[in-house]
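Chains as they are written, first to last, in the working numbering: chain A, 31 to 306; chain B, 139 to 213.
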């Protein structure tokens, strides 16, 4: 939390006195929250923290909105149904059908859920008072990427058979035979080992970096404030930058949700059809 | 062991700077060529944009790993 960092740095207004107290740049500690509730189940203690609550809230918001939007579907959509259908068509035509072709329709519910859930979880990063993208905790994108990985690898083995699937993953076609000595290990690592890792890191690092940037400039707004011209200019500039970064984050959040879903579709596509 | 040269301070930020060079060039090429492709064939906008964002996401991952690693492995 920003306020905690400010408080942890030795008081709220020591920067206003001539000696100052430095600028406590925020670090990874702003992503650590005290548990709100620690229930014990089956001998295990679960620490419910702010990101966990935000995940549940995002699930409720997404499910609630679409249940409301499609509660009485009309042939001519009105109001919320319009928005819901716009989102549905975007995922179906823009992601599923473009990458998977006609097989894509079977995966639209999966991709649709992922897109809107990830987007809303990211979006909480700039909602006042929530202000924490839960995806900036590494465990959460890892769980998302693990779900995707556990979908497309068994799917590929089932659709293509184990041997052909492994061949399509490790042996790119139209390559001189001798090159396979080099290519098989590289392709194996890049397609089956690093792929889920980068899938998770991409979402995590974007949200982490974005949240850290906004926090840095928000704290700078407060810490550069002092009764002098330079202080006021510096503080005002930081404030403007933090607002601009919030708008930029709005774009990045939607883009990263899109990229995450698009890559999910591409991975599913590589499981359904061998590369040719 | 005698040291020949030493770098002190925030080495993680130097590492991030180094890791951003490659993706920076890559993303520049991706969007440059993508815009050129759209200018040549505006009717293929949808497909080009999708592939552009896909390529951007793959190139960007390297810079992001460079950004995160100093936080994960300490100073």
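Every residue gets a Cβ at the ideal spot worked out from N, C-alpha and C, and that includes glycine.
message: Measuring CB atoms only, is the stretch 141–159 of chain A touching the stretch 118–125 of chain A, in the sense that at least three cross pairs come out at less than 8 Å?
response: yes
query: Using a beta-carbon distance below 9 Å, is residue 191 of chain B in contact with chain A?
result: yes
- request: Report the partner residues of residue 74 of chain A according to the DSSP bridge assignment.
  value: A:71
Residue 152 of chain A at chain B interface by Cβ criterion, 9 Å: no
query: Out of A:115, A:276, A:64, A:304, which has the shortest C-alpha to C-alpha gap to residue 197 of chain A?
result: A:304
- prompt: Assuming residue 164 of chain A contacts residue 156 of chain A under a Cβ cut-off of 8 Å, what Cβ separation, rounded to an integer in Å, is found between them?
  reply: So it is not a contact: roughly 13 Å between Cβ atoms.
task: Would you identify the three-state DSSP class for residue 303 of chain A, choosing helix, strand or coil?
output: coil
message: Check whether the stretch 261–269 of chain A and the stretch 95–106 of chain A touch, using three or more Cβ-Cβ pairs below 8 Å as the test.
response: no
task: Kindly indicate if chain A contains any beta-carbon less than 9 Å away from that of residue 158 of chain B.
output: no
- prompt: Would the beta-carbon of residue 242 of chain A be found less than 8 Å away from any heavy atom of the ligand ATP?
  reply: The model depicted lacks the ligand ATP and carries no ligand whatsoever.
task: Look at residue 179 of chain A and residue 297 of chain A and say whether their C-beta atoms are less than 9 Å apart.
output: yes
field: Where the alpha helix (DSSP H) through residue 171 of chain A begins and ends
entry: 169–190
Distance between residue 149 of chain A and residue 130 of chain A (C-alpha atoms, nearest Å): 22 Å
message: Any beta carbon from chain B within less than 9 Å of residue 236 of chain A's own beta carbon?
response: yes
- request: Spatial neighbours of residue 175 of chain B within its chain, please: CB distance less than 6 Å, with the 5 preceding and 5 following residues excluded, ordered by chain position.
  value: 186
- prompt: Where do the ends of the alpha helix (DSSP H) carrying residue 181 of chain B lie?
  reply: Neither: residue 181 of chain B is in no alpha helix (DSSP H) and is coded neither H nor E.
query: Closest Cβ-Cβ distance between residue 288 of chain A and chain B: below 9 Å?
result: yes
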